[in-house]
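To keep things clear, I will list the structure first and then write my remarks on it.
Residue numbers (this note's numbering), protein chains in the order written: chain E, -16 to 81; chain S, 525 to 945.
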């Protein structure tokens, strides 16, 4: 239990919530989102926040960007760079982060 | 952190009483407080609270290269693109403002100009670039005081000098640029600079011209830039590729003359010379660089091929097809830190690595363009993920351009918040 609490602490300090860690593929990729979507994906200027959004919503948006069904400014070019499995891990990490 | 094993080690260290932890803390030393180094320090403190992080950076204020071109346009002031290290200090990073003079890869220590020696378990080296003085005949440090490079911002004085020269120039003057061959820091940078100088001239000195002398025949986002120039600054910009005698080989900074390969002497009123580059001096002196002057690294861990224990990120390494960009430095910093700490603890570096880049460029007011790349470690270096990334669409797309300019601003805020907030 003590170990579990410390694991949570480490994960919280990493800026992403616990469930993302120890899973594959590595959620380091989720940090890349923060380069435009704000630190911890909390949003920045004209760019929307992703933190805390439902996983399914992020997955659906990425799928629509990937297929071209949703016309993005740059997100289409980005979404096509990640596999579905990677996208799921990223969505899980972002969704779990508050 | 990314394997169960290293996570458990981290948790165990956290659980230890403080003095024990302090004594046994893993020592991560980071040299260079720019996009790579500051990002590495932030990430290390966030993700590994039990690791002792020391950042060595000579300057107390970091002036970013990104958005420096907007200072030339008159859209930003230098103080708006300058950042201190208080944020990293508050996060528990020991920030030492000093020069790293020498690295001893065998003893695993860094000697500072001020006399202190820092021992490390792992070193993150993010020293940036050095300008190759003399690579263009007549272009040395003294010449740069007359014909600025404004490519290594330092304390911002080079950018300020170029801005003052543009302000002092008469309407109808010629601004000349010398642009280097690949590889160099920030591939779209010279062309954003041309755009931002043009934005200023169009407003303040509309009869002026820009003469861009290039040592190559093609450049990043070329079609998009040229579309933008034709739309926003018709007739103002002449770009001369290498195949049309664009390569500058000699500079007379006092006379304002840029001389190209076949002996053409271009007299200009303001000269901006962006010289060829190598990895920063500390990387060369430590013997980390290849014959081209750049540091080859392992594509998963960023450990220098020539020195174990030293992970080299940012513009100093060679990682084609990844560009030398701030976003790449930021993105790869996390993989380098996670790998360094895992290896120090005898664990495997995190797998499934991906490195992310978006380079936005401002072409004009409410006019932004971008290039996106997602890269991964491959068997022989770095590989761009197929069928992804690429440049903004061409065509008359005002909404796309307006949004990309806004997103560029959001990127700048996000990434500098991460590094210094």
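Note that beta-carbon positions come from the ideal geometry of N, C-alpha and C, so glycine has one too.
Kindly give me the distance between the Cβ atoms of residue i and residue j, rounded to whole angstroms, as I take these residues to be in contact under 8 Å.
| i | j | result |
| --- | --- | --- |
| residue 883 of chain S | residue 895 of chain S | 5 Å |
| residue 762 of chain S | residue 773 of chain S | Wrong, their Cβ atoms sit about 19 Å apart, outside the cutoff. |
| residue 663 of chain S | residue 775 of chain S | 4 Å |
| residue 853 of chain S | residue 563 of chain S | 7 Å |
| residue 578 of chain S | residue 605 of chain S | Contact flag wrong, Cβ pair sits at about 26 Å. |
| residue 636 of chain S | residue 630 of chain S | The pair is not a contact, with the Cβ atoms about 18 Å apart (cut-off 8 Å). |
| residue 952 of chain S | residue 748 of chain S | Look at the range of chain S in this structure, 525 to 945, and you will see that residue 952 of chain S is not part of it. |
| residue 580 of chain S | residue 624 of chain S | 5 Å |
| residue 696 of chain S | residue 732 of chain S | 6 Å |
| residue 814 of chain S | residue 842 of chain S | 7 Å |
| residue 693 of chain S | residue 793 of chain S | 5 Å |
| residue 34 of chain E | residue 25 of chain E | 5 Å |
| residue 607 of chain S | residue 944 of chain S | 4 Å |
| residue 909 of chain S | residue 64 of chain E | 5 Å |
| residue 715 of chain S | residue 598 of chain S | Not confirmed; about 19 Å, so no contact. |
| residue 713 of chain S | residue 735 of chain S | Between residue 735 of chain S and residue 713 of chain S the Cβ distance is about 18 Å, and since that is not below 8 Å, they are no contact. |
| residue 834 of chain S | residue 828 of chain S | 5 Å |
| residue 566 of chain S | residue 615 of chain S | 7 Å |
| residue 592 of chain S | residue 683 of chain S | 5 Å |
What does residue i reach in chain S if we use C-beta pairs closer than 8 Å?
| i | result |
| --- | --- |
| residue 51 of chain E | Those do not exist, as residue 51 of chain E stays about 12 Å from chain S at its closest Cβ, beyond 8 Å. |
Would DSSP call residue i helix, strand or coil?
| i | result |
| --- | --- |
| residue 901 of chain S | strand |
| residue 858 of chain S | helix |
| residue 852 of chain S | helix |
| residue 545 of chain S | At residue 545 of chain S, the pLDDT of 43 sits below 50, so the modelled position is not reliable; the number obtained from the coordinates is stated separately. Helix at residue 545 of chain S. |
| residue 933 of chain S | helix |
| residue 736 of chain S | strand |
| residue 80 of chain E | coil |
| residue 789 of chain S | strand |
| residue 565 of chain S | helix |
| residue 942 of chain S | helix |
| residue 25 of chain E | coil |
| residue 73 of chain E | helix |
| residue 12 of chain E | helix |
| residue 552 of chain S | strand |
| residue 818 of chain S | coil |
| residue 928 of chain S | helix |
| residue 802 of chain S | strand |
| residue 843 of chain S | coil |
| residue 761 of chain S | strand |
| residue 576 of chain S | strand |
| residue 774 of chain S | strand |
| residue 782 of chain S | strand |
| residue 828 of chain S | strand |
| residue 718 of chain S | helix |
| residue 795 of chain S | strand |
| residue 813 of chain S | strand |
| residue 529 of chain S | The predicted model places residue 529 of chain S with a pLDDT of 38, which falls under 50 and marks its position as unreliable, so this point remains unresolved. |
Which chain S residues sit within Cβ distance under 7 Å of residue i?
| i | result |
| --- | --- |
| residue 63 of chain E | 911, 912 |
Give the residues of chain E in contact with residue i, contact being defined as C-beta atoms less than 8 Å apart.
| i | result |
| --- | --- |
| residue 520 of chain S | Nothing can be reported for residue 520 of chain S: it is not among the residues displayed for chain S, which extend from 525 to 945. |
| residue 945 of chain S | 22 |
| residue 732 of chain S | None at all; the shortest Cβ gap to chain E is about 32 Å. |
| residue 767 of chain S | What residue 767 of chain S touches in chain E: nothing, since even the nearest Cβ is about 30 Å away. |
| residue 650 of chain S | Under the 8 Å cutoff, chain E gives no residues; its nearest Cβ is about 17 Å from residue 650 of chain S. |
So, is the C-beta of residue i closer than 8 Å to a C-beta in chain B?
| i | result |
| --- | --- |
| residue 744 of chain S | This model lacks chain B altogether; the protein chains it does include are E and S. |
Starting from residue i, find everything on chain E with Cβ-Cβ shorter than 7 Å and list it in chain order.
| i | result |
| --- | --- |
| residue 719 of chain S | Residues of chain E passing the Cβ test: none, with the nearest at roughly 19 Å. |
| residue 606 of chain S | Chain E residues near residue 606 of chain S: none, gap ~19 Å exceeds 7 Å. |
| residue 681 of chain S | Those do not exist, as residue 681 of chain S stays about 29 Å from chain E at its closest Cβ, beyond 7 Å. |
Review point. Unbroken alpha helix (DSSP H) runs of length 4 or more, entirely within the region 579 to 647 of chain S: which are they?
Key: Within the region 579 to 647 of chain S, the complete alpha helix (DSSP H) segments at least 4 residues long are 592 to 597, 610 to 614, listed from N- to C-terminus.
Review point. Curious, which full-length beta strand (DSSP E) runs of at least 3 residues does the region 861 to 921 of chain S contain?
Key: Qualifying beta strand (DSSP E) stretches, in chain order: 879 to 888, 891 to 902, 905 to 908.
Practice item. Could I get the ranges of all uninterrupted alpha helix (DSSP H) runs contained in the region 649 to 706 of chain S, with 4 residues as the minimum, in chain order? Key: Runs found: 665 to 668, 681 to 692.
Practice item. Using a Cβ-Cβ cut-off of less than 9 Å, give me the residues of the region 8 to 21 of chain E that come near chain S, in sequence order. Key: Listed by position, the residues of the region 8 to 21 of chain E near chain S (Cβ gap below 9 Å) are 8, 9, 10, 11, 12, 14, 15, 16, 17, 18, 19, 20, 21.
Exercise for review: Below 7 Å between beta carbons is the criterion; list the residues of the region 923 to 943 of chain S that meet it against any residue of chain E, in chain order.
Suggested key: Listed in chain order, the positions of the region 923 to 943 of chain S with a beta carbon within less than 7 Å of a beta carbon of chain E are 924, 927, 928, 930, 931, 933, 934, 935, 937, 938, 939, 941, 942.
Practice item. Compile a chain-ordered list of the residues in the region 27 to 61 of chain E whose CB is closer than 8 Å to at least one CB of chain S. Key: Of all residues in the region 27 to 61 of chain E, only 27, 28, 29, 30, 56, 57, 60, 61 place a beta-carbon less than 8 Å from a beta-carbon of chain S.
Check your understanding: Looking at chain E, which residues of the region 834 to 868 of chain S have a Cβ within less than 7 Å of any of its Cβ atoms?
Key -> Residues 851, 854, 855, 858, 859, 862.
Point to revise | Interfacial residues, the region 885 to 910 of chain S to chain E, with Cβ spacing under 7 Å | key: Those would be 894, 896, 898, 909, in chain order.
**Study point:** alpha helix (DSSP H) runs contained entirely in the region 35 to 69 of chain E, provided each spans 4 or more residues
**Key:** When DSSP assignments are scanned along the region 35 to 69 of chain E, the uninterrupted stretches of alpha helix (DSSP H) that are 4 or more residues long and fall wholly within it turn out to be 38 to 50, 58 to 62.
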